[in-house]
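Data first, discussion second: the structure below is written as structure tokens.
In structure tokens:
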């Protein structure tokens, strides 16, 4: 069997498209390996709490665990826009004519809305990223194999970001 080089990896899904891709990727690992390798972590950032799942080819339901999902919604964006003078780090790029209301059902593919949610929830995002990266860095120092001789580990970690 050929040896596969693999390093601890974090896959970050942004928004609805990112969430869908992460779920499909997770399903593929479960179908082909029976589990998600310990050296692979998923993190989805989205402004909607809609619990989505996919059905794998083998009929199993695949969903995100609480540590794989960071909710960026429940933001009164109109209040922020009306007080942009208090938030210069947002005022410099946010379109002043945009009034998105309460952000809790997705960003509707409007980049500025998703970016506003990210800026507003940056501490939660940094916390979730930090936890995922620390977990992977701890694993990076432990020799891991999925099947003896088939999977070896490279140094460092890889991070992939998936979005529309």
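Numbering (the numbering used here), first residue to last: -13 to 150. Virtual Cβ for every residue (Gly too), placed ideally from N, Cα, C.
Opening and closing residue of the alpha helix (DSSP H) in which residue i lies
i: residue 7; result: 1 to 19
i: residue 67; result: 63 to 68
i: residue -7; result: Segment: none, residue -7 is in no alpha helix (DSSP H) and carries neither H nor E.
i: residue 158; result: Summary: the structure shown does not reach residue 158, with the chain confined to residues -13 through 150, and so no result is reported for it.
i: residue 86; result: Premise fails: residue 86 is in no alpha helix (DSSP H) and is neither H nor E.
i: residue 74; result: 74 to 77
Of the listed residues the options, nearest to residue i (C-alpha basis)
i: residue 17; options: 107, 40 and 104; result: 40
i: residue 105; options: 80, -3 and 118; result: 80
i: residue 123; options: 6, 4, 27 and 112; result: 27
i: residue 22; options: 50, 35 and 96; result: 50
i: residue 75; options: 34, 101 and 142; result: 101
i: residue 55; options: 4, 82 and 142; result: 4
i: residue 33; options: 91, 53, 8 and 73; result: 91
i: residue 60; options: 103, 6 and 73; result: 103
i: residue 2; options: 113, 108, 97 and 109; result: 97
Rounded Cβ spacing between residue i and residue j (contact assumed at less than 8 angstroms)
i: residue 115; j: residue 58; result: At roughly 13 angstroms, the Cβ-Cβ gap does not stay under 8 angstroms, so residue 115 and residue 58 are not in contact.
i: residue 0; j: residue 149; result: 4 angstroms
i: residue 111; j: residue 31; result: 6 angstroms
Residues near residue i by beta carbon distance below 8 angstroms, same chain, minus five either side
i: residue 77; result: 70 and 71
i: residue 108; result: none
Cβ shell of residue i (< 6 angstroms), same chain only, five flanking positions each side left out
i: residue 146; result: -3
i: residue 88; result: 62
i: residue 125; result: -6 and 25
i: residue 86; result: 63 and 99
i: residue 94; result: none
i: residue 6; result: none
i: residue 52; result: none
Beta-carbon contacts of residue i that lie in its chain and below 7 angstroms, excluding the five residues immediately before and after
i: residue 121; result: 27
i: residue 144; result: -7 and -5
i: residue 118; result: -4, 27 and 29
Endpoints, the beta strand (DSSP E) within which residue i is located
i: residue 146; result: 144 to 148
i: residue 97; result: Taken as a continuous stretch (DSSP letters only), residue 97 belongs to no beta strand (DSSP E), being part of the alpha helix (DSSP H) at 97 to 106.
i: residue 55; result: 55 to 57
i: residue 47; result: 47 to 49
How do the region 10 to 18 and the region 56 to 67 stand: do at least 3 beta-carbon pairs fall below 8 angstroms, yes or no?
-> Below 8 angstroms, too few C-beta pairs join the region 10 to 18 and the region 56 to 67 to call them touching: fewer than three.
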